[in-house]
Every structure is written in C-alpha cells, then in structure tokens.
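Reading through the structure tokens given below for one structure.
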Amino acid sequence: MERYLIGVDIGTTGTKSMLVSESGRVVAHAYAGYEMRTPSNGRCEQDAEDWWRAVVKTVRAVASEPRYAKNVVALSLSLQGGTLVPVDAKGEALQPAIVWSDKRCKDQRAAFAARFGEDYLYQRSGWKLSAGLNAMQIAWIRDNRPDIFEKTAMFLSVPDYISLRMTGRAVVDISDVGINQLADIRSGAYDEGILDFCGISERALAEIQPSATPIGRLLPLAAAELGLPRNVLLVAGAHDQYASLLGAGITRAGDMLIGTGTAWVVTALCDAPDFASGFSQSVPAVGGWGSMVSLSAGGVCLDWFRNNIASSEEEGGLPYSIINEMAAQRRIGASGLMFYPYFNGSYFPVLAPEGKATLVGLDFSHDRYDIARAIMEGIAMQTAWVLEYFRAKYPIRKLKLSGGASKSALWTQMVTDIANYPVTTPNMSDLACVGAAVMAGVGSGVFASCEEGIARVVVEENEYLPDPARAERYAEHFREYKRRAALLPQFYR
Numbered sequence: 003m004e005r006y007l008i009g010v011d012i013g014t015t016g017t018k019s020m021l022v023s024e025s026g027r028v029v030a031h032a033y034a035g036y037e038m039r040t041p042s043n044g045r046c047e048q049d050a051e052d053w054w055r056a057v058v059k060t061v062r063a064v065a066s067e068p069r070y071a072k073n074v075v076a077l078s079l080s081l082q083g084g085t086l087v088p089v090d091a092k093g094e095a096l097q098p099a100i101v102w103s104d105k106r107c108k109d110q111r112a113a114f115a116a117r118f119g120e121d122y123l124y125q126r127s128g129w130k131l132s133a134g135l136n137a138m139q140i141a142w143i144r145d146n147r148p149d150i151f152e153k154t155a156m157f158l159s160v161p162d163y164i165s166l167r168m169t170g171r172a173v174v175d176i177s178d179v180g181i182n183q184l185a186d187i188r189s190g191a192y193d194e195g196i197l198d199f200c201g202i203s204e205r206a207l208a209e210i211q212p213s214a215t216p217i218g219r220l221l222p223l224a225a226a227e228l229g230l231p232r233n234v235l236l237v238a239g240a241h242d243q244y245a246s247l248l249g250a251g252i253t254r255a256g257d258m259l260i261g262t263g264t265a266w267v268v269t270a271l272c273d274a275p276d277f278a279s280g281f282s283q284s285v286p287a288v289g290g291w292g293s294m295v296s297l298s299a300g301g302v303c304l305d306w307f308r309n310n311i312a313s314s315e316e317e318g319g320l321p322y323s324i325i326n327e328m329a330a331q332r333r334i335g336a337s338g339l340m341f342y343p344y345f346n347g348s349y350f351p352v353l354a355p356e357g358k359a360t361l362v363g364l365d366f367s368h369d370r371y372d373i374a375r376a377i378m379e380g381i382a383m384q385t386a387w388v389l390e391y392f393r394a395k396y397p398i399r400k401l402k403l404s405g406g407a408s409k410s411a412l413w414t415q416m417v418t419d420i421a422n423y424p425v426t427t428p429n430m431s432d433l434a435c436v437g438a439a440v441m442a443g444v445g446s447g448v449f450a451s452c453e454e455g456i457a458r459v460v461v462e463e464n465e466y467l468p469d470p471a472r473a474e475r476y477a478e479h480f481r482e483y484k485r486r487a488a489l490l491p492q493f494y495r
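Residue numbers (my numbering): 3 to 495.
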C-alpha cells in the first residue's frame with residue numbers, strides 16, 4: 003500500500019494543506035483563511051487558536067478518505083516567521099499573537115541598538131534589527147505587559163506552538179529561529195546577549211532542530227482532532243520561503259526564486275553565508291545557505307488598487323483578469339507614470355524606513371489601467387533592482403518565479419524583460435506545501451534526501467524569454483525609475 007505525506011503551510015492570511023503520495027502525486031489540497039486584526043496603527047495581531055483550527059480543518063479535508071488517512075506516515079510545516087505568542091504552563095496563549103509585520107517595538111529597537119549597535123542582531127540571526135520580530139516583541143511585552151511577561155512559561159513562534167500542540171514538544175526549525183532573531187544561526191544555539199536583553203532564559207524558548215528531522219509522534223488528542231493515526235510523525239519544517247524554494251525544485255547553489263505573494267521575496271541558494279551583503283541569511287532544508295531580500299509590499303499593492311481604487315459598491319473589486327487584459331493594452335512605462343511600493347517603508351535597495359507608497363508623474367491623461375500597469379511595473383522594477391545586486395555576487399544558474407504573479411503572463415513577462423533574464427514559472431500552486439511534504443518524507447525515511455523527494459514530484463514549467471525590443475525600452479525607463487527613487491527619501495522626512 004502506498005504511503006502518504008502531508009505538507010501544511012501556515013501563512014499570514016490562511017493555512018493550506020496538501021496530501022502527497024510517496025510516488026510524488028498530489029492527491030488533495032485544502033485552504034482555510036483567518037483574520038488579521040489591526041487594533042491600531044502599526045499593530046498586527048492574530049488568534050493562535052485560529053492557526054490550530056485551520057490546521058485541523060485542512061488536514062482533515064485532505065485526509066478525509068480512510069484509505070488515505072490510515073496510510074499517512076508523516077507531516078511537516080511551512081511557516082510564517084517572526085510571529086510571537088506567549089503561552090502559559092498548559093501551552094495556552096496568554097494574549098493575541100504579535101504578527102511579524104507588527105511595528106510596535108520602536109522603543110525596544112532603539113534600546114537594543116544603543117546597547118549592541120545596529121549590526122549585532124544581523125551578524126547573529128541573519129536578519130536586520132527592526133521594530134518587530136520575536137526578540138523585540140518579547141522585550142515589548144516585558145516593558146508594556148509585565149503581567150503577561152510574568153505568567154509566560156514559553157515564548158513561542160508558529161512552528162513551536164504547533165509542534166507543542168501536536169506532539170507535546172516545542173521545536174523550532176533552524177530557518178525559523180533565524181527570523182525570530184533569538185539565536186546565532188552559525189552555531190545553531192541561542193545567543194546569550196540577545197536573551198539577556200529580553201530578560202529570559204533558554205527554558206522559555208523552544209528546542210532548535212534542523213529542517214527535515216523528526217520531532218515526535220502525534221499526541222492522542224491531536225491525532226483525534228486531525229483525523230490521523232497516532233503513529234503519524236511530525237517532522238521539523240522550514241520558513242515558508244525556504245519551503246517554497248524546495249517545492250520549486252531549487253536545490254543547488256546558483257538557483258534563485260522570486261516568490262510573489264503579499265510580499266515579493268528574492269531568495270538564492272549559495273554555498274556560504276554572506277553577512278557583508280546585507281541580505282537576510284538563513285539555513286535552508288537542502289543544506290548550504292540561503293540569501294534573501296523581501297519587498298514587504300508586493301502583490302498587496304495590486305490588491306490595494308483593486309479593492310480601493312478600481313472598485314465600486316455595486317460591483318466590488320475589479321477582476322484580476324480585466325486588470326491584466328487592460329493593463330496589457332497600455333504602453334510600456336505607463337505613459338510616464340511610476341509607482342514606488344513603499345507602503346511599509348523601504349529598506350532595500352532604497353533606504354527609506356519611513357517611506358510611503360508613491361505615484362510619480364500622474365496627470366489627467368492617465369486612467370486606472372495606466373495606474374494598474376504602473377503598479378505592476380513598479381514592483382517588477384523593484385524586483386529587478388534587487389536581482390542586480392544578487393547577480394553581482396552570485397552567478398545565477400536558474401531563475402524561477404512562483405506565486406500569484408506567475409498566473410499573470412503580463413506580470414511575469416515584465417519581470418523577464420526588465421531583468422533581461424529568462425524566467426520559468428512552475429505550473430503548480432502551493433509550492434510551500436510541496437516542500438513541506440518532501441521534508442516530511444525525508445524525516446520519516448520515505449525519501450533519502452530532499453533532492454530525491456522533490457525529484458519525484460513532477461511539476462511542469464513555463465519558460466519566459468526576454469524580448470530584445472521591450473528590454474531595451476524598459477532599460478531606459480528603469481534608469482529614470484532609479485534616478486527618481488534616489489530623490490524620494492527627502493520627502494518622507
């Protein structure tokens with residue numbers, strides 16, 4: 003009887019689960035969304051119980067048939083990183099989870115920088131000091147909610163919270179512990195200086211394990227809730243970008259992925275870390291190192307346009323198919339209109355932490371489809387700009403693009419022409435689930451390696467080649483885009 007694996011992707015807006023056979027066949031997938039609450043400016047929160055309910059709902063959905071459920075051997079997770087939930091001795095959340103995109107910790111950031119300098123946290127965790135993520139969030143709770151701080155038995159992120167619910171053992175994988183900013187990823191151990199700043203000890207944190215290693219069997223209660231046998235094994239997963247990297251079949255140094263979701267993320271596999279680059283550094287599931295740059299406002303910019311600019315009470319948001327069709331009819335360069343997607347500020351390639359999204363060159367001749375094209379081109383140019391820095395450091399062997407934008411031939415071709423480099427798009431959604439399922443297979447012994455596992459999953463791909471004429475026209479537009487970008491920070495002060 004064929005064995006089955008489950009990959010679960012616990013994201014910022016919802017959870018996806020996928021059932022994959024050991025032969026590499028995708029059998030079923032399911033999705034459950036949940037709310038992101040924004041109680042005040044700069045604050046983003048979620049109910050940790052929503053994550054669990056979504057995991058239960060989607061896992062039960064993909065393994066609803068007994069012939070599949072009884073032959074599931076393992077599951078693993080792809081996770082949103084940098085989200086914090088304090089729990090009591092029973093593992094119950096003491097307050098809403100503080101999401102990675104929350105920016106409330108400005109005072110704690112300033113205090114850390116004054117004590118350690120701006121670069122200390124980056125050199126240990128691989129992620130730059132910011133006004134969010136777990137280390138600063140813990141310090142914020144200490145300073146602002148001492149009642150919660152005193153009651154907290156453990157400060158958990160999404161992987162360790164879910165592993166505690168599933169197995170009774172709180173474990174965080176090495177790629178997620180980096181973005182949590184509590185550990186030295188080169189040694190794989192918690193950093194005493196960071197923990198001292200937060201006012202906690204290792205006892206309040208999860209165990210650190212490599213991705214694709216076994217954590218434990220399901221607890222009887224968890225197995226019953228999930229509708230799975232008790233002997234199913236939970237395997238340590240990975241940060242969602244690295245799970246997607248594996249799901250896209252990227253396993254060798256020189257391979258790169260542009261992940262296009264709410265944020266657009268450029269990630270490269272490399273042989274050694276590069277802490278001089280300023281890029282986020284992580285340890286991926288396949289070994290070696292990963293180097294990453296995130297544009298926090300990517301696909302969400304087009305969502306904003308669709309829901310707030312091109313919408314009506316009668317019709318709702320304009321369909322994406324119409325946006326693509328009409329934007330394709332507008333001229334390259336959107337008739338001189340340029341968009342800078344700095345809704346959450348900008349840290350790279352333009353340093354403007356207090357930045358705002360900006361349209362430059364708007365006049366009465368432009369309509370909403372010119373704006374749509376400018377938004378798509380602006381995000382594509384930001385991505386191509388990041389790629390220039392990567393290409394200066396690493397020889398690109400293969401460049402792939404996945405996620406929402408891969409469904410738009412127009413947007414994918416824009417990236418191809420502006421970057422002037424061939425791009426392939428996998429014809430499969432939920433690549434993070436695929437990567438998680440492969441890690442489940444490795445940790446349970448179904449696959450000998452991540453490379454063997456992903457080789458079994460057949461994913462067809464589309465190839466996009468740069469058009470010389472369009473690439474030449476975009477090159478001129480791109481130069482002007484960069485020139486204007488350099489002038490913008492003075493207006494954000």
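Even for Gly, the Cβ is constructed at its ideal location relative to N, Cα and C.
query: In DSSP terms, what Phe307 is bridged to; result: According to DSSP, Phe307 bridges with nothing at all.
query: Inter-residue spacing [alpha-carbon to alpha-carbon] between Ile181 and Ala238; result: 16 Å
query: Same chain only: Cβ atoms within 7 Å of Val101, ignoring 5 sequence neighbours per side; result: Thr14, Met38, Cys46, Glu47, Gln48, Thr85
query: Span of the alpha helix (DSSP H) around His31; result: Per DSSP, His31 belongs to no alpha helix (DSSP H); it is in the beta strand (DSSP E), 28-35.
query: Among Leu158, Tyr349, Phe345, Leu339, the one whose alpha carbon lies nearest that of Leu364; result: Leu339
query: Ala240: first and last residue of the uninterrupted beta strand (DSSP E) it sits in; result: 235-241
query: Backbone CA spacing between Glu327 and Tyr70 [nearest angstrom]; result: 41 Å
query: Through-space distance from Ala457 to Gly251, alpha-carbon basis; result: 7 Å
query: Nearest candidate by alpha-carbon position, reference Ala76, set Tyr33, Ile164, Val444, Lys130; result: Val444
query: For Ser78 and Met438, believed in contact at Cβ under 8 Å, the rounded distance; result: The question names Met, but residue 438 is Ala in the sequence shown. Going by Cβ atoms, the distance from Ala438 to Ser78 rounds to 5 Å, so yes, they are a contact pair.
query: Ile150 in three-state terms, based on DSSP; result: helix
query: Rounded separation between Ser132 and Val174 - CA only; result: 21 Å
query: Limits of the unbroken beta strand (DSSP E) element including Trp266; result: 266-272
query: Asn310, buried or exposed, once every other Cβ within 10 Å from all chains shown has been counted against 16; result: exposed
query: Test item: CB-CB of Gly318 and Gly406 under 8 Å; result: no
query: Three-state secondary structure assigned by DSSP to Ser177; result: helix
query: As assigned by DSSP and simplified to three states, the class of Glu454; result: helix
query: Span of the beta strand (DSSP E) around Gln283; result: 282-284
query: Straight-line Cα distance separating Thr154 from Ile210; result: 19 Å
query: Assumed close pair Leu403, Val417 - CB separation to whole angstroms, cut-off 8 Å; result: 6 Å
query: Extent of the continuous alpha helix (DSSP H) to which Trp291 belongs; result: Segment 291-297 is the beta strand (DSSP E) holding Trp291; no alpha helix (DSSP H) there.
query: Strand pairing of Met258, partner residues [DSSP]; result: Ala270, Leu401
query: Residue burial classification, Leu2 (beta-carbon count within 10 angstroms, cutoff 16); result: What the structure shows of the chain is the stretch from 3 to 495, and residue 2 is not part of that stretch, so it cannot be assessed.
query: C-alpha gap between Ala312 and Ala329, whole angstroms; result: 13 Å
query: C-alpha distance - Val285 paired with Arg27, whole-angstrom precision; result: 28 Å
query: Where Glu4 sits in the DSSP three-state scheme; result: coil
query: Unbroken stretches of the beta strand (DSSP E), 3 residues or longer, contained in the region 336-410; result: 340-342, 360-362, 400-405
query: Buried versus exposed call for Lys72 [16 or more other C-beta atoms within 10 Å across all chains shown]; result: exposed
query: Beta-carbon proximity of Ile12 to Gln82, cut-off 8 Å; result: yes
query: Helix, strand or coil at Ile202 according to DSSP, with G and I counted as helix; result: coil
query: Identity of the residues DSSP links to Ala99 by a beta bridge; result: Gln48
query: Residues sharing a beta bridge with Asn464, DSSP; result: Thr427
query: Contact the region 472-491 vs the region 102-117: 3+ CB pairs below 8 Å; result: no
query: Which of helix, strand or coil DSSP assigns to Pro216; result: strand
query: Simplified DSSP state of Gly2, which is helix, strand or coil; result: Residue 2 falls outside the range modelled here, since the chain spans only 3 to 495, and no answer is possible.
query: Burial state of Val460, where buried means 16 or more other Cβ atoms lie within 10 Å; result: exposed
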